[in-house]
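Novice: Sequential numbering from 119 applies to the sequence shown in this note's numbering. A virtual CB, placed ideally from N, CA and C, is assigned to each residue, including glycine.
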Amino acid sequence: MNNRKRLVIAALVALGLLGGIATSYPLYSALTSGTETEEGMTLRDSSYSQVVELVRAGEVETLTFYGMRSASAAGTDNVLHRTLVPELVAADLARQAADAGVTVEFKSEEFLPYGESVTARALLAVVGNLLIFGFLGAFFYFYVLRGPMAGRSKVRQVSASDSNVRFADVAGCDAEKEELMEVVQFLRDPQRFSRLGGTVPTGVLMSGPPGTGKTLLAKAVAGEAGVPFFSASGSDFVEMYVGVGAGRVRSMFAKAKKKAPCILFIDEIDAVGRSRSTGTSGGAHEEREQTLNQLLVEMDGFGANSGVIVIAATNRPEILDAALTRPGRFSRNIVLQNPDIGGREKILAVHCAKVRLAADADLHVVARGTPGFSGADLANLVNEAAIMAARSNRDSVTMADFDHAKDRLIMGNERRSFVLSEEDRRLTAYHEAGHALVAHYSPASDPIHKVTIVPRGQSLGMVVRIPERDQPSLRRSRLLADLAVAMGGRAAEELIFGPEEITTGASGDIQMASRIARKMVAEWGMSERVGTVAYTLNYAERDSAFSEDTTRQIDAEVKALVAEGRDRALHILTTRMDQLHELAQALLERESLSGAEIKEMARNWPASVEDPSEVVAEQAA
Ligand code: ADP
Ligand code: MG
Ligand code: ZN
119 MNNRKRLVIA ALVALGLLGG IATSYPLYSA LTSGTETEEG MTLRDSSYSQ VVELVRAGEV
179 ETLTFYGMRS ASAAGTDNVL HRTLVPELVA ADLARQAADA GVTVEFKSEE FLPYGESVTA
239 RALLAVVGNL LIFGFLGAFF YFYVLRGPMA GRSKVRQVSA SDSNVRFADV AGCDAEKEEL
299 MEVVQFLRDP QRFSRLGGTV PTGVLMSGPP GTGKTLLAKA VAGEAGVPFF SASGSDFVEM
359 YVGVGAGRVR SMFAKAKKKA PCILFIDEID AVGRSRSTGT SGGAHEEREQ TLNQLLVEMD
419 GFGANSGVIV IAATNRPEIL DAALTRPGRF SRNIVLQNPD IGGREKILAV HCAKVRLAAD
479 ADLHVVARGT PGFSGADLAN LVNEAAIMAA RSNRDSVTMA DFDHAKDRLI MGNERRSFVL
539 SEEDRRLTAY HEAGHALVAH YSPASDPIHK VTIVPRGQSL GMVVRIPERD QPSLRRSRLL
599 ADLAVAMGGR AAEELIFGPE EITTGASGDI QMASRIARKM VAEWGMSERV GTVAYTLNYA
659 ERDSAFSEDT TRQIDAEVKA LVAEGRDRAL HILTTRMDQL HELAQALLER ESLSGAEIKE
719 MARNWPASVE DPSEVVAEQA A
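(1) Cβ-heavy atom distance between S492 and ligand 1 below 8 Å?
(2) Closer than 6 Å by C-beta to L613: which residues in its own chain qualify, once you throw out the five before and the five after it? Chain order, please.
(3) For I437, which residues from the same chain have a beta carbon less than 8 Å from its beta carbon, with the 5 sequence-adjacent residues on both sides left out?
(4) Can you have a look at K337 and say buried or exposed, based on whether 16 or more other CB atoms are within 10 angstroms of its CB?
(5) For V367, I'd like the list of residues in its chain whose CB is within less than 7 Å of its CB, leaving aside the five on either flank, ordered along the chain.
(6) For L592, tell me which candidate among A364, G643, G649 and P489 has the shortest Cα-Cα distance.
(7) So the candidates are F311, P327, G331 and S312; which of them puts its Cα closest to the Cα of K295?
(8) When the Cα atoms are used, what is the spatial distance from S349 to P308?
(9) Smallest Cα separation from I571: which of P585, S539 and D564?
(10) According to the neighbour-count rule (16 or more other Cβ atoms, all chains shown, within 10 Å of its Cβ), is K464 buried or exposed?
(11) Give the residues whose C-beta lies closer than 6 Å to at least one heavy atom of ligand 3, in chain order.
(12) Is T668 helix, strand or coil when you go by DSSP?
(13) Apart from the five residues just before and just after C470, which ones in its own chain have a Cβ nearer than 7 Å to its Cβ?
(14) Please report the straight-line C-alpha distance between V126 and V245, rounded to a whole angstrom.
(15) So which of V515, R543 and M506 has the shortest CA-CA distance to P489?
(16) Residues in the same chain with beta-carbon distance under 6 Å from S563, minus the five sequence neighbours each way, listed in chain order, please.
(17) Per DSSP, which one or two residues make a beta bridge with F183?
(18) Is G341 near ligand 1, with its Cβ less than 8 Å from a heavy atom?
(19) What first and last residue would you give for the alpha helix (DSSP H) that runs through N501?
(20) Which word fits G176, buried or exposed, when buried means at least 16 other C-beta atoms lie within 10 angstroms of its C-beta?
(21) Sorted by chain position, which residues of the same chain lie with C-beta nearer than 6 Å to H522's C-beta, five sequence neighbours on each side aside?
(22) For a test of the three-state rule: what should DSSP assign to N451, helix, strand or coil?
(23) Who pairs with P346 in a beta bridge, going by DSSP?
(24) Within the present structure, is the beta-carbon of A389 separated from the nearest heavy atom of ligand 2 by less than 8 Å?
(25) For the stretch 318-330 and the stretch 278-288, state whether three or more C-beta atom pairs, one from each stretch, are separated by less than 8 Å.
(26) Give me the Cα-Cα distance between P561 and A293, rounded to the nearest whole angstrom.
(27) Between the stretch 190-204 and the stretch 164-171, are three or more C-beta pairs nearer than 8 Å?
(28) Take the Cβ of A631 as the centre, count every other Cβ of all protein chains shown within 10 Å, and call the residue buried at 16 or more, exposed below.
(29) Which residues does DSSP pair with V390 in a beta bridge?
(30) Does the stretch 674-684 come close enough to the stretch 428-447 that 3 or more CB-CB pairs lie under 8 Å?
(31) Name the one or two DSSP bridge partners that G321 has.
(32) Comparing C-alpha positions only, which one of K376, T621 and I427 sits nearest to I384?
(33) Per DSSP, what kind of secondary structure is C380 in: helix, strand or coil?
(34) Give the range of the beta strand (DSSP E) segment to which D163 is assigned.
(35) On the criterion of 16 or more Cβ atoms from any shown chain inside 10 Å, does G255 qualify as buried, or is it exposed?
(36) Helix, strand or coil: which one does DSSP assign to I571?
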């Protein structure tokens with residue numbers, strides 16, 4: 119439940135209470151005697167038998183019946199006795215009173231005189247009752263028809279809205295925007311697009327961690343194309359009852375189709391689209407499967423000209439069902455990541471457009487100090503900083519405001535419990551530059567796709583290499599290169615900061631190198647000394663399975679291979695120290711470098727490093 123709903127309910131409760139009080143007040147005052155009537159008589163509530171007694175005793179001058187259900191008896195003592203009269207005996211009482219010489223009057227109004235302002239109180243009572251009914255009605259509506267108790271009758275409205283977000287509001291992600299431009303062009307004029315021979319886009323899958331602008335970008339596509347934006351969440355379709363989710367999917371697509379061309383944004387697609395092999399069995403499982411099937415059917419049904427573009431978002435693309443990620447379902451696959459330093463500066467600039475900055479506020483410096491922040495975090499940061507400035511009655515946001523805001527955000531956010539110090543950044547930059555440089559100078563290695571020191575999850579940085587083509591088998595040269603690349607990070611740390619300063623950051627690298635080396639020796643028969651025999655048994659079984667001698671030999675050989683990799687890495691780095699500095703410096707400034715950017719830098723680097731194995735052989739001799 120969102121805040122607005124909560125507020126509405128709170129207001130309704132308050133109104134209901136007020137209504138209750140308002141209604142009970144006239145009742146209360148009716149029950150208290152001693153009130154004055156308009157004629158200046160004392161009003162008293164008396165029982166029926168008391169009134170009968172008074173009539174009998176001759177102490178009543180006038181007896182007035184109201185609709186034969188209640189009566190007031192005006193006595194000689196200037197007291198107006200008010201009572202309810204059982205209808206059955208009203209006529210008896212009237213006769214008895216008339217016999218006793220009392221003036222008997224009959225009035226058609228239902229109300230007893232309440233003393234002064236009778237009508238005002240009556241009105242109050244009516245209003246009070248209306249409020250109570252209103253409150254009960256609202257409660258029923260929110261909780262029973264639409265809310266948590268709704269069950270299968272729950273109907274969630276998927277409604278279109280116009281998006282006023284434009285590509286200009288999404289900072290960075292230029293490549294992604296360009297990819298989406300095709301979708302925009304299609305949506306602007308589907309007929310024209312097909313006439314011109316464009317391949318009609320089917321859908322877009324956006325993946326990336328929370329706050330990286332998936333929703334924002336989807337809205338921007340709708341905004342740029344000027345088409346309606348339907349938005350739903352995968353979790354809306356997850357229901358306990360079989361068939362409900364599927365029905366909802368169907369009706370959502372039907373609605374969108376009526377407004378085509380349009381965008382249908384499905385957030386958290388993983389809630390319905392998670393792989394069918396995982397998860398629980400039973401009813402919930404069956405329901406989800408039906409919902410997913412319906413989704414697939416609808417998406418396939420969106421042939422060439424329907425004009426509805428599905429944009430689905432997830433931060434867990436790896437758990438999606440293969441049917442959903444199959445080529446053709448989504449014609450575009452957009453991966454968003456936490457921004458690097460340049461991206462962060464641009465995002466800050468977008469959000470600072472509405473804020474007045476003090477002269478000392480330097481967004482480049484702010485960007486530099488916020489590694490690991492997502493776009494949403496940065497938007498938050500600007501917001502917090504503006505609040506800080508407003509709180510101290512300043513009309514511009516200073517650097518100190520940004521610092522305070524950052525502290526607040528980091529402390530309130532366990533996801534980023536560590537902040538990188540400048541020293542840590544330098545270490546990471548050299549570590550990653552080390553991997554990258556060794557990869558660059560190892561012809562057998564896969565080419566570098568990207569190097570980054572933007573922290574992500576547990577890792578402080580990484581080098582991504584992507585093979586140029588599928589490799590059905592791995593060559594020994596390639597494995598040796600991988601060993602060297604893995605050792606390149608730690609090697610660079612050692613060279614630059616000294617052996618005392620090396621960090622635990624290389625533990626993943628060391629694990630990987632050991633795994634490769636062990637497989638080379640014990641599985642792939644790539645070690646002459648151990649021979650072409652497979653020793654693929656786990657540690658527990660190993661002792662009994664083969665001789666202590668073999669075990670020792672395998673261990674020694676694994677160690678030698680890893681050491682050889684380390685020597686190769688050290689050799690490349692020591693002979694290319696200038697390049698190491700250049701690469702690390704570039705990383706410190708830009709945080710991410712693409713393979714192309716590294717190639718560009720490498721244009722004035724020496725083409726290769728002489729074969730290190732000769733050097734190693736020389737040293738051994
Ligand atoms: P996601 O859907 O990926 O979780 P959102 O699109 O909801 O992230 O982003 C949340 C907010 O973060 C946006 O409303 C915007 O203010 C800010 N934001 C995220 N990425 C960017 C960006 N690239 N440029 C500008 N603002 C961004
Ligand atoms: Mg979102
Ligand atoms: Zn590493």
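Specialist: This is what the structure holds:
(1) Position 374 of the sequence shown, counted from the first residue, corresponds to residue 492. Yes, Cβ of S492 sits closer than 8 Å to a heavy atom of ligand 1.
(2) Within the sequence shown, residue 613 is the residue found at index 495, counting from 1. L691.
(3) Along the sequence shown, read from residue 1 onward, the residue named residue 437 stands at position 319. Hits under 8 Å: D388, R392, S393 and T396.
(4) Locating residue 337 in the sequence shown gives position 219, counting from the first residue. By the neighbour-count rule (16 or more Cβ atoms within 10 Å), K337 is buried.
(5) In the sequence shown, the residue the question calls residue 367 occupies position 249. The residues are F355, T409, Q412, L413 and E416.
(6) Working through the sequence shown from its first residue, we reach residue 592 at position 474. Of the listed residues, the one whose Cα sits closest to L592 is G643.
(7) By one-based count along the sequence shown, residue 295 stands at place 177. Residue G331 is the option with its Cα nearest to K295.
(8) Taking the first residue of the sequence shown as position 1, residue 349 is located at position 231. Taking the first residue of the sequence shown as position 1, residue 308 is located at position 190. So the alpha carbons of these two residues sit roughly 21 Å apart.
(9) Within the sequence shown, residue 571 is the residue found at index 453, counting from 1. Out of P585, S539 and D564, S539 has the C-alpha closest to the C-alpha of I571.
(10) Numbered from 1 along the sequence shown, position 346 holds the residue referred to as residue 464. With 16 or more other Cβ atoms within 10 Å, it is buried.
(11) H549, H553, G607, A624 and D627
(12) The residue given as residue 668 occupies position 550 in the sequence shown. Note: T668 maps to helix in three-state DSSP.
(13) Residue numbering aside, residue 470 sits at position 352 when the sequence shown is read from its first letter. So the list reads L481 and V500, once near-sequence residues are dropped.
(14) Mapped onto the sequence shown, residue 126 falls at position 8. Mapped onto the sequence shown, residue 245 falls at position 127. Computed Cα separation, rounded: 19 Å.
(15) As a position in the sequence shown, residue 489 is number 371, starting the count at 1. Nearest of V515, R543 and M506 to P489, Cα basis: R543.
(16) Reading the sequence shown from its first residue, position 445 is the one you call residue 563. Hits under 6 Å: A557, A599 and V603.
(17) Working through the sequence shown from its first residue, we reach residue 183 at position 65. Answer by DSSP bridge pairing, in chain order: A189 and F224.
(18) Locating residue 341 in the sequence shown gives position 223, counting from the first residue. Because no heavy atom of ligand 1 lies under 8 Å away, the Cβ of G341 does not count as near it: no.
(19) As a working note, residue 501 is residue 383 in the sequence shown. N501 -> alpha helix (DSSP H) spans G493 to R509.
(20) Reading the sequence shown from its first residue, position 58 is the one you call residue 176. Flag for G176 reads exposed.
(21) Position 404 of the sequence shown, counted from the first residue, corresponds to residue 522. Result list for H522: M506, in chain order.
(22) Numbered from its first residue, the sequence shown carries residue 451 at position 333. DSSP places N451 in strand when its eight states are reduced to three.
(23) Numbered from its first residue, the sequence shown carries residue 346 at position 228. DSSP, once it has assigned bridges, lists D280 as partnering P346.
(24) To locate residue 389, count along the sequence shown from 1; it is residue 271. A389: no, Cβ never under 8 Å from ligand 2.
(25) no
(26) Here residue 561 refers to the residue found at position 443 of the sequence shown. Here residue 293 refers to the residue found at position 175 of the sequence shown. Taking the straight line joining both Cα atoms gives about 29 Å.
(27) yes
(28) Position 513 of the sequence shown, counting from 1, holds the residue named residue 631. Counting C-beta atoms within 10 angstroms of its own C-beta, A631 has 16 or more neighbours from the protein chains shown and is therefore classed as buried.
(29) The residue given as residue 390 occupies position 272 in the sequence shown. In the DSSP output, where bridge partners are listed per residue, V390 has none listed.
(30) no
(31) Translated into positions along the sequence shown, residue 321 becomes position 203. Its beta-bridge partners are V428.
(32) Within the sequence shown, residue 384 is the residue found at index 266, counting from 1. Here the closest residue by C-alpha is I427.
(33) On the sequence shown, residue 380 is found 262 positions in, with the first residue counted as 1. In the structure shown, C380 sits in a strand (DSSP, three-state: E or B).
(34) Numbered from its first residue, the sequence shown carries residue 163 at position 45. Counting along the chain, the beta strand (DSSP E) containing D163 begins and ends at T160 to D163.
(35) Taking the first residue of the sequence shown as 1, we reach residue 255 at position 137. By the 10 Å Cβ count, G255 comes out exposed.
(36) Translated into the one-based positions of the sequence shown, residue 571 becomes position 453. Reduced to three states, the DSSP call for I571 is coil.
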